[in-house]
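Chains as they are written, first to last, in our numbering: chain E, 410 to 826; chain D, 410 to 826.
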């Protein structure tokens with residue numbers, strides 16, 4: 410894409426009330442626009458990153474047998490009353506609305522009830538199970554404070570999967586397979602080495618532990634204790650000896666960190682399926698409870714977490730797997746030879762399937778370089794009268810920051826095309 | 410995809426309160442699930458169709474220079490007060506909600522105000538214009554009645570684009586270019602021959618006409634008069650001699666039809682940009698009004714309209730451009746030779762990039778055939794002991810319904826792979 414055709418511009422300043430680094434950077438670089446606290450518009454660059462994250466998650470959920478659907482934002486009251494999650498005194502972060510006739514509705518903050526209720530038509534026999542269904546969708550939480558940019562949204566994008574099994578053993582097998590898929594997601598996003606599976610409180614759901622996936626970060630809201638050698642951790646919430654003894658963590662190895670929760674998975678036992686009266690018939694014709702699990706990843710939160718982690722004092726430094734473009738190509742000066750060569754290279758790269766942000770604007774070189782650094786595209790290529798003279802181009806990796814003169818052919822090799 | 414891995418099953422009956430043909434078919438075939446009146450879940454088959462329609466629209470909007478963003482559902486009150494569209498007495502189909510602190514919010518039913526307000530940072534100079542921005546997103550309308558299935562939703566998917574120009578002439582050029590893109594969308598969806606551009610009332614927006622795109626259909630809510638030779642029409646709302654005389658329609662040619670509105674485009678003049686105080690600075694340093702247009706296509710409504718139009722007494726008959734799969738492959742019987750050949754063909758087709766719904770279920774042939782017809786995948790292939798004996802397979806086009814025996818090689822030729 411030509412930069413001159415992109416409507417966003419980098420901004421000198423983020424809104425004064427925006428205190429989080431992720432939102433400041435993403436707003437200044439033109440990835441998001443703040444509609445109100447905790448509610449962000451995705452601009453063209455930001456939408457590309459969001460879609461890349463979604464696609465990685467989608468591929469990994471499909472790989473463990475997840476089937477994608479799209480549930481609704483508007484939610485009926487009755488199914489949430491059956492599980493006692495309608496009352497604001499019980500669940501305090503609902504957004505609610507009303508039909509024209511006065512009927513109260515909820516705005517989806519989680520989808521256990523509607524998923525289970527919907528599946529009653531589709532999981533009646535042991536032959537229909539096990540089954541995993543997921544969606545990637547906008548969710549709504551009426552947060553009192555929303556000051557962490559994309560890390561805690563009132564309107565946010567989430568992947569939520571729900572699994573249904575015939576027995577506890579079958580459930581646990583699925584649960585572990587999804588946990589492995591989560592590690593693959595974080596690995597592909599470039600945060601595998603700083604993201605740990607941590608035991609957390611099962612909350613109202615279950616007597617068992619739930620699991621969080623925590624990305625170490627000083628801006629995180631959570632405090633976790635990590636046993637690095639075990640590659641595991643535990644949330645501060647449950648750190649007492651009695652509970653620790655039920656885990657395979659060595660207490661002596663634990664180190665304290667701040668962390669961002671970038672995923673959580675819950676065993677739901679048969680709480681929701683029982684409450685909504687959904688059972689399966691086994692091989693002998695008997696009704697049996699359905700054992701469920703739920704698996705969340707905050708997609709927009711991950712975008713914020715990546716912006717926190719992959720950044721330096723000049724701006725964003727996207728990992729290649731989610732970057733809005735692979736190459737930032739800048740032409741310097743208005744020499745015909747420069748423009749011709751830059752145009753040619755742009756065409757060649759795009760023709761080879763490499764996505765390029767081609768900075769064809771008539772602005773100072775310094776402005777182009779500063780914008781390139783702020784936007785954080787992984788590979789920067791500059792064509793100037795000086796590089797043309799040597800039959801080369803200037804190549805820099807955003808992350809390492811060292812420029813070198815290479816040929817167009819060498820560039821293609823570096824990009825693997 | 411293997412049918413045995415798909416969690417949906419075809420249903421004998423749609424819910425008793427579902428009176429529209431599109432929803433009945435889409436529910437019975439497992440494309441959507443009714444959450445409440447006018448609010449539908451997209452199941453795996455339905456999500457594929459919806460995504461295919463979105464992608465066609467996206468490509469055509471990109472081709473006329475549209476830049477994709479994603480606006481928010483939650484909307485602040487103040488920007489809608491500036492255009493006098495907040496008050497329920499003025500706009501009667503808002504869903505509204507509240508922040509925990511009591512602040513009233515709207516749930517996006519249209520996005521002129523937030524788009525214009527957002528763009529104030531990005532269109533300040535004549536150099537920034539013209540500019541077209543679009544999104545494909547969930548929208549909410551608090552309809553009193555919602556009995557037409559996907560044709561009139563309370564929660565629905567819409568593509569809305571907004572254009573901004575430096576002059577009326579520049580606006581009109583964009584407006585006509587988008588109108589042509591709309592015709593291309595309907596052409597690719599297979600309804601080009603029954604979809605007409607029709608003049609409609611500009612409503613509160615403008616003294617000029619707006620334009621609708623109406624697909625002829627007996628279940629449509631609108632009455633339109635079409636001049637087939639001119640390829641144009643006019644909505645009943647504005648059919649009086651004085652107004653007709655301002656158009657290029659020959660009144661004598663007009664024929665009356667029922668129709669479904671599958672798109673509408675509006676000249677907005679500078680109503681919203683003026684109200685929100687957004688202007689551009691021209692070459693001479695003077696502030697000038699920005700002339701806007703808006704361009705809607707109901708994506709989920711189109712899915713419903715296609716289901717109404719492309720159906721027969723056996724079920725859905727999807728056009729190839731949006732079908733959830735291209736090929737429905739059924740194996741009959743449990744002979745090893747049948748299963749081996751069906752597996753082989755499934756692998757070969759998928760390997761060639763042909764999306765196949767492979768009916769590997771252990772059910773009666775009649776059930777497979779009935780489900781194939783109900784689901785409406787364009788090409789049906791059957792492998793049975795009889796076809797194996799002849800070294801052939803049975804091939805049927807869903808639309809024409811005539812089966813023939815052909816070789817696997819001939820099948821690949823027919824599919825163009």
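C-beta: ideal position from N, C-alpha, C; glycine also.
What are the residues that DSSP puts in a beta bridge with residue 698 of chain E?
By 1-based counting over the first chain, the position of residue 698 of chain E is 289. E:688.
Secondary structure of residue 647 of chain D, DSSP reduced to three states
Taking the first residue of the second chain as position 1, residue 647 of chain D is located at position 238. Three-state result, residue 647 of chain D: helix.
Closest Cβ-Cβ distance between residue 696 of chain D and chain E: below 8 Å?
Taking the first residue of the second chain as position 1, residue 696 of chain D is located at position 287. No, residue 696 of chain D lies away from the interface with chain E (no Cβ there is under 8 Å from its Cβ).
So who's on the other strand from residue 547 of chain E, going by DSSP bridges?
As a position in the first chain, residue 547 of chain E is number 138, starting the count at 1. Within the DSSP bridge table, the entry for residue 547 of chain E names E:566 as partners.
For residue 598 of chain E, which residues from the same chain have a beta carbon less than 8 Å from its beta carbon, with the 5 sequence-adjacent residues on both sides left out?
Here residue 598 of chain E refers to the residue found at position 189 of the first chain. The answer, listed in chain order, is 462, 465, 711, 715, 728, 730 and 731.
Below 8 Å on the Cβ atoms is my contact criterion, and I expect residue 786 of chain E with residue 736 of chain E to pass it. Report the Cβ-Cβ distance as a whole number of Å.
Position 377 of the first chain, counted from the first residue, corresponds to residue 786 of chain E. Position 327 of the first chain, counted from the first residue, corresponds to residue 736 of chain E. That belief holds up - the Cβ atoms of residue 786 of chain E and residue 736 of chain E are roughly 7 Å apart, short of 8 Å.
Can you find a CB in chain E that lies within less than 8 Å of the CB of residue 707 of chain D?
In the second chain, the residue the question calls residue 707 of chain D occupies position 298. With 8 Å as the cut-off, residue 707 of chain D does not count as an interface residue toward chain E.
Name the chain E residues that come within less than 7 Å of residue 563 of chain D, Cβ to Cβ?
Counting from one through the second chain, the residue named residue 563 of chain D turns up at place 154. 483, listed in chain order.
Neighbour flag for residue 599 of chain E against chain D, beta carbons, 8 Å:
On the first chain, position 190 is the one that residue 599 of chain E refers to. So no, residue 599 of chain E is outside the interface.
Does residue 413 of chain D come out as helix, strand or coil in the three-state DSSP assignment?
Locating residue 413 of chain D in the second chain gives position 4, where the first residue counts as 1. Reduced to three states, the DSSP call for residue 413 of chain D is helix.
Using C-beta distances below 7 Å, list every residue in its chain close to residue 434 of chain E, excluding the 5 sequence neighbours before and after it, in chain order.
Within the first chain, the letter at position 25 stands for residue 434 of chain E. Within the same chain, residue 434 of chain E has close Cβ partners 716, 720, 724 and 725.
Element boundaries [beta strand (DSSP E), containing residue 676 of chain E]
Within the first chain, numbered from 1, the residue matching residue 676 of chain E stands at position 267. Taken as a continuous stretch (DSSP letters only), the beta strand (DSSP E) holding residue 676 of chain E covers 664-678.
Could you pull the start and end residues of the alpha helix (DSSP H) that residue 520 of chain E belongs to?
Your numbering for residue 520 of chain E matches position 111 in the first chain. No alpha helix (DSSP H) contains residue 520 of chain E, which DSSP labels as neither H nor E.
Let me confirm a value: residue 696 of chain E is counted as buried when at least 16 other C-beta atoms fall within 10 Å, else exposed. Which label applies?
The residue you call residue 696 of chain E lines up with position 287 of the first chain. Residue 696 of chain E should be labelled exposed.
Mind checking who residue 445 of chain E pairs with in its DSSP beta bridge?
As a working mapping, residue 445 of chain E is identified with position 36 in the first chain. Partner(s): E:448.
Could you give the distance in angstroms between the alpha-carbon of residue 445 of chain E and the alpha-carbon of residue 777 of chain E?
Start at 1 with the first residue of the first chain, and residue 445 of chain E comes out as number 36. Start at 1 with the first residue of the first chain, and residue 777 of chain E comes out as number 368. Computed Cα separation, rounded: 30 Å.
In angstroms with no decimal places, state the Cα-to-Cα distance between residue 448 of chain E and residue 623 of chain E.
Your numbering for residue 448 of chain E matches position 39 in the first chain. Your numbering for residue 623 of chain E matches position 214 in the first chain. Each residue's Cα considered, the two are about 23 Å apart.
I'd like to know whether the C-beta of residue 662 of chain D is nearer than 8 Å to at least one C-beta of chain E.
The sequence position of residue 662 of chain D within the second chain is 253, counting from 1. Taking Cβ atoms only, chain E never reaches closer than 8 Å to residue 662 of chain D, which makes this a no.
What in chain E is Cβ-close to residue 477 of chain D, meaning under 7 Å?
As a working mapping, residue 477 of chain D is identified with position 68 in the second chain. What residue 477 of chain D touches in chain E: 453 and 456.
Grouping DSSP H, G and I as helix and E and B as strand, with all else coil, what is residue 584 of chain E?
Mapped onto the first chain, residue 584 of chain E falls at position 175. Under the three-state reduction of DSSP output, residue 584 of chain E falls in the helix class.
DSSP beta-bridge partners for residue 505 of chain D?
As a first step, residue 505 of chain D is located in the second chain; it is residue number 96 there, counting from the start. Residue 505 of chain D is bridged to D:515.
Mind checking whether residue 807 of chain D and residue 789 of chain D have CB atoms under 8 Å apart?
Here residue 807 of chain D is taken as the residue at index 398 of the second chain, counted from 1. Here residue 789 of chain D is taken as the residue at index 380 of the second chain, counted from 1. Between residue 807 of chain D and residue 789 of chain D, the C-beta gap is smaller than 8 Å, which places the two residues in contact.
Short Cβ contact (8 Å threshold) for residue 473 of chain E with residue 587 of chain E
Within the first chain, numbered from 1, the residue matching residue 473 of chain E stands at position 64. Within the first chain, numbered from 1, the residue matching residue 587 of chain E stands at position 178. Yes.
Hey, which unbroken runs of the beta strand (DSSP E) at 3 residues or more fall wholly within the region 742-790 of chain D?
Along the length of the region 742-790 of chain D, whole beta strand (DSSP E) runs at least 3 residues long occupy 765-768, reported in chain order.
Would you kindly check if the distance between the Cβ of residue 673 of chain E and the Cβ of residue 558 of chain E is under 8 Å?
As a working note, residue 558 of chain E is residue 149 in the first chain. As a working note, residue 673 of chain E is residue 264 in the first chain. Not closer than 8 Å, so no.
Does residue 506 of chain D come within less than 8 Å of chain E when only Cβ atoms are used?
To locate residue 506 of chain D, count along the second chain from 1; it is residue 97. Yes, residue 506 of chain D lies at the interface with chain E (some Cβ there is under 8 Å from its Cβ).
Candidates D:437, D:688, D:766 and D:591: which alpha carbon is nearest residue 533 of chain D's?
Mapped onto the second chain, residue 533 of chain D falls at position 124. When each option's Cα is compared against that of residue 533 of chain D, the closest is D:688.
Assess, as a yes-or-no matter, whether the region 542-551 of chain D is touched by the region 640-654 of chain D under the definition of 3 or more beta carbon pairs within less than 8 Å.
no
Quick check: is the beta carbon of residue 827 of chain D nearer than 8 Å to any beta carbon in chain E?
Because chain D spans 410 through 826 in this model, residue 827 of chain D falls outside it and cannot be assessed.
So, are the CB atoms of residue 702 of chain D and residue 572 of chain D less than 8 Å apart?
Numbered from 1 along the second chain, position 293 holds the residue referred to as residue 702 of chain D. Numbered from 1 along the second chain, position 163 holds the residue referred to as residue 572 of chain D. Against a cut-off of 8 Å, the Cβ pair of residue 572 of chain D and residue 702 of chain D comes out as a contact.
Which residue marks the beginning of the beta strand (DSSP E) containing residue 485 of chain E, and which one marks its end?
Numbered from 1 along the first chain, position 76 holds the residue referred to as residue 485 of chain E. Start and end: 483-485.
So which residues of chain E does residue 418 of chain D contact, with C-beta pairs closer than 9 Å?
Here residue 418 of chain D refers to the residue found at position 9 when the second chain is read from its first residue. Near residue 418 of chain D (Cβ distances below 9 Å), the residues of chain E are 530, 531 and 537.
CA-CA distance, residue 414 of chain E and residue 783 of chain D?
For this step, residue 414 of chain E is matched to residue 5 along the first chain. For this step, residue 783 of chain D is matched to residue 374 along the second chain. Each residue's alpha carbon lies about 45 Å from the other.
Could you give the first and the last residue of the continuous alpha helix (DSSP H) run that contains residue 606 of chain D?
Position 197 of the second chain holds residue 606 of chain D. Unbroken run through residue 606 of chain D is the beta strand (DSSP E), 604-609; no alpha helix (DSSP H).
Does the Cβ-Cβ distance between residue 681 of chain D and residue 522 of chain D come in under 8 Å?
Locating residue 681 of chain D in the second chain gives position 272, where the first residue counts as 1. Locating residue 522 of chain D in the second chain gives position 113, where the first residue counts as 1. Cβ distance < 8 Å, so residue 681 of chain D and residue 522 of chain D count as in contact.
Check whether the Cβ of residue 853 of chain E lies closer than 8 Å to any Cβ atom in chain D.
Nothing can be reported for residue 853 of chain E: it is not among the residues displayed for chain E, which extend from 410 to 826.
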